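Take a look at the structure set out below.
There are 4 protein chains.
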Amino acid sequence: MDYPVLLEAAEAAARATTGRGHVADYIPALAEADPEAFGMAVATVDGELYGVGDWEQPFSVQSVSKLFSLALALAYSSDGGEELWRGVGREPSGNPFNSLVQLETEHGIPRNPFINAGALVVTDRLQSLTGDASGAVREFLRRESGNPLLDTDPVVAASEAAHGHRNAALAHFIASHGNLQNPVETVLEHYYAHCAIATSCRDLVLAGAFLARYGVRTDGTRLMTRSEAKRINAVLLTCGTYDAAGEFAFRVGLPGKSGVGGGVLAILPGRAAICAWGPRLDQAGNSVAAVTALDTLTTLSGCSVF
Amino acid sequence: MDYPVLLEAAEAAARATTGRGHVADYIPALAEADPEAFGMAVATVDGELYGVGDWEQPFSVQSVSKLFSLALALAYSSDGGEELWRGVGREPSGNPFNSLVQLETEHGIPRNPFINAGALVVTDRLQSLTGDASGAVREFLRRESGNPLLDTDPVVAASEAAHGHRNAALAHFIASHGNLQNPVETVLEHYYAHCAIATSCRDLVLAGAFLARYGVRTDGTRLMTRSEAKRINAVLLTCGTYDAAGEFAFRVGLPGKSGVGGGVLAILPGRAAICAWGPRLDQAGNSVAAVTALDTLTTLSGCSVF
Amino acid sequence: MDYPVLLEAAEAAARATTGRGHVADYIPALAEADPEAFGMAVATVDGELYGVGDWEQPFSVQSVSKLFSLALALAYSSDGGEELWRGVGREPSGNPFNSLVQLETEHGIPRNPFINAGALVVTDRLQSLTGDASGAVREFLRRESGNPLLDTDPVVAASEAAHGHRNAALAHFIASHGNLQNPVETVLEHYYAHCAIATSCRDLVLAGAFLARYGVRTDGTRLMTRSEAKRINAVLLTCGTYDAAGEFAFRVGLPGKSGVGGGVLAILPGRAAICAWGPRLDQAGNSVAAVTALDTLTTLSGCSVF
Amino acid sequence: MDYPVLLEAAEAAARATTGRGHVADYIPALAEADPEAFGMAVATVDGELYGVGDWEQPFSVQSVSKLFSLALALAYSSDGGEELWRGVGREPSGNPFNSLVQLETEHGIPRNPFINAGALVVTDRLQSLTGDASGAVREFLRRESGNPLLDTDPVVAASEAAHGHRNAALAHFIASHGNLQNPVETVLEHYYAHCAIATSCRDLVLAGAFLARYGVRTDGTRLMTRSEAKRINAVLLTCGTYDAAGEFAFRVGLPGKSGVGGGVLAILPGRAAICAWGPRLDQAGNSVAAVTALDTLTTLSGCSVF
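Chains as they are written, first to last, in this note's numbering: chain A, 527 to 832; chain B, 527 to 832; chain C, 527 to 832; chain D, 527 to 832.
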């Protein structure tokens with residue numbers, strides 16, 4: 527595929543969405559993002575790297591970090607993830623991304639690892655496995671991206687904590703069902719810390735390429751089995767974009783994870799990791815520009831998983 | 527009415543429920559209660575006081591304290607409760623007593639002041655009005671009952687806090703909707719403190735008699751208007767016994783408030799306050815023995831509000 | 527009580543609500559009602575009858591008929607209503623009046639006899655008991671009111687049937703849980719027929735006075751026991767006014783049943799039946815004018831059940 | 527891929543599930559299926575056809591027909607499906623397959639075309655487009671499979687109708703929101719008729735291969751664009767297996783549609799259509815043997831979409 531040409535077309539389509547959607551403003555630190563910023567990058571399994579627009583500009587990774595905390599929790603598990611999957615499901619939620627309803631009716635077992643509740647459980651397990659959940663995510667991102675300066679933005683993390691009553695409610699509720707192994711405060715702290723990491727499209731495609739390589743890291747070592755990597759891709763496709771997973775699969779046709787910072791990291795299995803970023807979000811919390819860009823790329827190239 | 531005879535019959539009916547229901551065990555301190563204890567008391571508007579069984583034995587007041595925190599929050603309000611009723615509704619919940627579902631769909635406004643979520647909002651407002659919500663409840667109970675030793679059981683309060691993830695979840699969730707004026711920790715502390723007060727049937731009928739007297743306290747002063755007292759009775763009838771308010775109205779026919787400590791305080795407007803206590807609870811969280819005793823008393827006397 | 531004076535004051539308060547609320551328009555036949563019509567009547571247990579405004583003008587009884595179908599189903603039951611209460615609960619719904627959600631989670635057992643789903647079950651049982659459910663209601667209303675011309679409005683009944691997809695959905699759903707004894711079509715037909723009866727405030731207070739007389743009919747015979755009549759009053763208070771039962775109890779403080787035709791029939795146990803009517807409805811489906819009139823009457827007289 | 531070897535291994539794995547799960551018994555006609563029957567077939571895009579076990583034995587297609595009714599409704603649409611997608615969503619339901627809850631909160635727009643509610647809307651639109659919705663499905667299946675005897679089983683269709691209160695409730699409920707163009711009775715009749723078609727694994731892989739061929743029918747003509755075919759695959763993957771779509775994607779990794787007759791038709795885009803059949807169902811309503819067989823085939827071959 528001619529990625530430079532595809533990226534150019536994707537950027538043009540994304541730029542045409544100017545003015546649609548709203549920058550996340552539930553914490554002040556996110557509200558400051560330039561609404562018209564846009565970047566996109568591709569890292570192929572052969573080691574090629576392409577980018578357009580603001581592809582090297584850092585933004586808040588937010589929920590895209592959930593992909594990495596899940597991958598690491600599974601990679602560090604000694605039982606193939608069996609224990610982890612007892613504490614969190616892998617079904618689409620069919621509900622807004624921080625819903626309490628489902629948690630109540632399903633006894634504190636979040637529907638999947640990519641809704642906030644599920645990511646709290648994953649963070650808790652990663653904390654048990656490593657003793658430093660957010661550090662583990664940060665370290666992995668640094669290694670894979672080769673960007674030693676990549677770090678948690680302390681202002682964003684503090685802002686998340688200060689406005690985090692809903693996440694605190696979720697964590698306490700999960701704890702009331704006995705589904706946390708660590709103190710609520712610890713889990714929340716590490717959750718905020720890995721969500722507040724500042725990354726660029728460049729960083730994310732390099733860090734996410736292990737999924738396109740079916741589990742193989744940048745340095746050629748294997749993080750997980752081929753089968754495990756494919757299964758993470760499956761969960762990404764059915765659950766990775768909040769309450770719009772069906773729509774994303776329909777339009778883009780790739781496994782992907784979005785964040786309210788405006789980033790979306792998608793995987794073209796066996797070929798490439800692709801990341802697009804634009805701060806304006808649609809009603810489901812996905813970046814308008816990024817989804818448009820990815821839609822354009824897969825439509826033009828005919829390269830979806832379907 | 528011949529209260530001694532009615533109490534005797536009520537006790538006999540209550541004793542016959544031996545073995546039905548389960549003592550609350552969500553905190554160790556409650557699980558230790560003698561399941562077969564039973565007491566009942568009546569305080570008439572004329573100042574008569576009657577009791578049978580363990581009517582002077584202290585038990586954990588638990589949710590019965592919500593009646594008093596509501597009454598005091600309304601009494602201290604300078605606007606007739608208008609601000610309070612903006613933060614909490616007065617409709618039956620139609621859901622289990624600590625449901626999060628309704629809170630989510632109704633934007634953090636609890637259905638009524640007697641579900642846990644609503645009582646947290648009431649405690650918060652009472653804290654704003656008095657600077658010491660649990661102290662205000664404790665002081666009122668002491669004055670009305672004439673029992674200066676009445677106090678919070680610190681073991682129970684600590685136990686509630688240690689097992690309080692669900693209440694913490696509720697409080698954070700309400701706070702996320704901007705419906706708490708005080709810090710979550712403060713509200714929870716005072717909530718646990720007034721729920722953990724140890725009271726007897728004797729204490730509670732004396733303290734609750736102001737509602738039978740349409741707002742007049744033991745010392746003859748007025749806590750609230752006649753109309754306000756009647757309205758509290760209305761909320762008690764429709765919302766006072768968790769998800770079994772309809773059943774309680776159907777069987778007993780009196781406004782009443784129950785607690786998982788096994789106490790139920792009921793009001794016969796214009797005539798008397800009646801309290802029954804037995805630790806075994808039915809599935810809705812109401813005392814099997816106490817509801818049976820109250821049912822017997824109103825059936826025999828023909829004295830319900832209907 | 528000086529009913530003429532009270533009625534005059536109630537009417538004045540009701541007339542002052544001009545313009546608030548909306549006439550039910552889900553079927554054309556109801557939308558034609560004069561929005562500013564208002565009537566009110568009182569029938570005392572001593573046989574006195576008072577009225578103001580359009581108290582003799584017929585309107586569509588709608589859900590107020592549910593009170594009578596319940597009373598008759600219980601009166602005709604040979605088991606004290608035990609079988610009936612297995613098929614329908616007596617808890618407030620905490621949901622809009624034609625909710626399917628609750629039915630689904632509670633296995634086809636409607637919450638109470640006054641939501642549409644519950645009234646369908648009651649109609650079904652009355653059909654089994656009498657062979658002519660709507661005829662039984664009509665006949666009872668005629669006898670008690672002494673109005674031989676009282677009848678189902680065939681235009682309204684046909685209009686209900688033509689716009690009755692939601693009720694058909696409810697009936698089929700209940701049937702799918704095995705909670706109907708008669709064919710769905712039969713139940714719906716009789717349900718529409720008794721809801722489409724045209725009655726006046728005069729008719730309704732005379733017909734409803736048996737509840738104020740604790741079960742005794744106009745002719746002095748007993749329809750049901752004193753205890754059964756009181757229990758119907760209890761269900762009316764907790765469930766009679768859709769999703770606003772708490773509010774109605776708080777403001778009016780009487781057992782009552784409302785209908786989207788604008789009528790509200792309330793009971794002052796031991797004293798009188800009171801009916802107010804005005805076609806404009808609030809968001810919960812209760813008549814703005816009628817609730818205001820009843821609120822005024824109980825506030826001025828101090829005569830609520832609390 | 528060596529399909530004969532893969533099918534043999536898949537059959538062995540499926541046979542090892544003997545005794546797990548339960549044959550659908552909500553209608554008598556389905557309950558008679560031999561619980562231990564098993565068949566599996568593959569039709570490649572190159573025209574090869576393979577089968578094992580009872581692959582030519584007819585069974586009730588049930589919900590697998592929803593794939594075909596959707597494809598035909600889209601193919602016959604003159605607006606690229608725009609009108610259709612206004613009446614039905616494409617998000618996973620996150621709820622049991624015949625849920626009314628979601629319908630109520632989302633104003634009669636079913637979540638996706640593969641839950642019962644959504645399939646009723648699709649059947650309605652196909653009826654509007656063709657005048658004979660079930661005939662259109664039947665004819666398409668006959669043509670693609672080359673099986674002129676393929677037909678609706680009238681006993682099953684009559685049985686569905688006789689036990690169809692839940693579907694009738696859904697249809698009336700959707701109609702109450704104005705989301706049906708044809709009479710409820712007509713829609714139900716055609717829905718039952720296409721669900722009651724008797725097909726074999728052989729028939730279904732031949733009929734479903736158009737999706738593997740990106741829209742091209744057996745005779746080489748195009749039913750729909752490449753993009754449309756890929757999008758149907760996307761909806762199948764996220765919504766095709768009731769409330770277990772995430773699990774199916776995780777384990778099998780293919781777009782697929784299941785039915786309570788025990789059949790599952792899956793698509794390996796660009797390569798083959800695969801159908802497995804076994805009457806015993808898991809709790810989510812998917813065939814235990816068929817899912818096991820498909821899981822085995824994709825695990826052994828490494829051929830999922832991820």
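Where is the CB? At the ideal position from N, CA and C, for every residue including glycine.
Predicted, not measured: the structure shown is a model, and the values here were computed from it.
Checklist entry - Looking at the unbroken alpha helix (DSSP H) that takes in residue 733 (chain D), where does it start and where does it end? => result 727-738
Item to check | The alpha helix (DSSP H) enclosing residue 648 (chain D), as first and last residue numbers | outcome: 642-656
Checklist entry - Along the chain, where does the alpha helix (DSSP H) that runs through residue 611 (chain A) open and close? => result 608-613
Checklist entry - For a contact meaning CB atoms closer than 9 Å, what does residue 781 (chain B) contact in chain C? => result 832
Item to check | Top-ranked residue by Cα proximity to residue 661 (chain B), from B:636, B:712, B:639 and B:690 | outcome: B:712
Checklist entry - Any beta-carbon of chain B closer than 9 Å to the one on residue 694 (chain A)? => result yes
Item to check | Residue of A:602, A:758 and A:568 minimising C-alpha distance to residue 653 (chain A) | outcome: A:602
Checklist entry - From B:578, B:567, B:581 and B:586, pick the residue whose C-alpha is nearest to that of residue 721 (chain B); which is it? => result B:586
Item to check | Per DSSP, the bridge partner or partners of residue 566 (chain A) | outcome: A:578 and A:802
Item to check | Minimum length 4: unbroken alpha helix (DSSP H) runs contained in the stretch 803-830 of chain B | outcome: 814-827
Next on the checklist: Can you list, in chain order, the residues of its chain with a C-beta nearer than 7 Å to that of residue 759 (chain A)? Leave out the 5 residues immediately preceding and following it.
Outcome noted: 737, 781, 793 and 795
Next on the checklist: So, under 8 Å CB-CB, residue 543 (chain D) and residue 818 (chain D) are touching, yes? Tell me the CB distance rounded to an integer number of Å.
Outcome noted: 5 Å
Checklist entry - How do the stretch 532-541 of chain D and the stretch 758-774 of chain D stand: do at least 3 beta-carbon pairs fall below 8 Å, yes or no? => result no
Next on the checklist: Any beta carbon from chain A within less than 9 Å of residue 819 (chain D)'s own beta carbon?
Outcome noted: no
Item to check | Near-chain D residues of the stretch 583-594 of chain A - C-beta to any C-beta below 8 Å | outcome: none
Next on the checklist: Can you check which of these residues, A:786, A:598, A:805 and A:577, is closest to residue 686 (chain A) by C-alpha distance?
Outcome noted: A:786
Next on the checklist: Just to check my reading of the structure: residue 644 (chain C) and residue 614 (chain C) have Cβ atoms closer than 8 Å, yes? What is that Cβ distance to the nearest angstrom?
Outcome noted: 5 Å
Checklist entry - With 9 Å set as the bound, which would you pick, yes or no: does the beta-carbon of residue 716 (chain C) sit closer than that to a beta-carbon of chain D? => result no
Next on the checklist: Short of 7 Å Cβ to Cβ, which residues in the stretch 638-668 of chain D face chain A?
Outcome noted: 638
Next on the checklist: Is it buried or exposed, residue 680 (chain C), if we count other Cβ atoms within 10 angstroms and call 16 or more buried?
Outcome noted: exposed
Checklist entry - Using a beta-carbon distance below 9 Å, is residue 828 (chain C) in contact with chain G? => result Of the chains in the structure shown, none is chain G; the protein chains are A, B, C and D.
Checklist entry - In whole angstroms, what separates the C-alpha of residue 694 (chain A) from that of residue 558 (chain A)? => result 24 Å
Next on the checklist: Run through chain C and tell me which residues come within less than 9 Å of residue 761 (chain B), C-beta to C-beta.
Outcome noted: 772, 775 and 776
Checklist entry - Between the stretch 793-812 of chain D and the stretch 562-570 of chain D, are three or more C-beta pairs nearer than 8 Å? => result yes
Checklist entry - Which word fits residue 555 (chain B), buried or exposed, when buried means at least 16 other C-beta atoms lie within 10 angstroms of its C-beta? => result buried
Checklist entry - Taking Cβ positions, are residue 648 (chain A) and residue 596 (chain A) nearer each other than 9 Å? => result yes
Checklist entry - DSSP state of residue 761 (chain B), grouped into three classes? => result helix
Checklist entry - Below 9 Å between beta carbons: does that hold for residue 667 (chain B) and residue 733 (chain B)? => result yes
Item to check | Contact set between residue 548 (chain C) and chain D, taken where Cβ atoms lie within less than 9 Å | outcome: Here the premise fails: no neighbours, minimum Cβ distance about 19 Å.
Checklist entry - Using CA coordinates, which residue listed in B:717, B:674 and B:651 is at the minimum distance from residue 605 (chain B)? => result B:651
Checklist entry - To which residues of the same chain is residue 623 (chain B) closer than 7 Å at the C-beta, ignoring the five residues directly before and after it? => result Residue placement at residue 623 (chain B) is flagged as unreliable, the pLDDT there being 42, under the threshold of 50; the coordinate-derived value follows with that caveat. These residues qualify, in order along the chain: 641, 642, 768, 769 and 811.
Item to check | Residue-level contact to chain D via CB, residue 764 (chain A), 9 Å cutoff | outcome: yes
Checklist entry - Is residue 729 (chain A) buried or exposed, if buried means 16 or more other CB atoms sit within 10 Å of its CB? => result buried
Item to check | Pair within 9 Å by beta-carbon distance, residue 701 (chain A) and residue 571 (chain A) | outcome: no
Item to check | Integer-rounded CB distance, given that residue 617 (chain D) should sit under 8 Å from residue 637 (chain D) | outcome: 5 Å
Item to check | Contact list for the stretch 553-577 of chain D against chain A, Cβ threshold 9 Å | outcome: none
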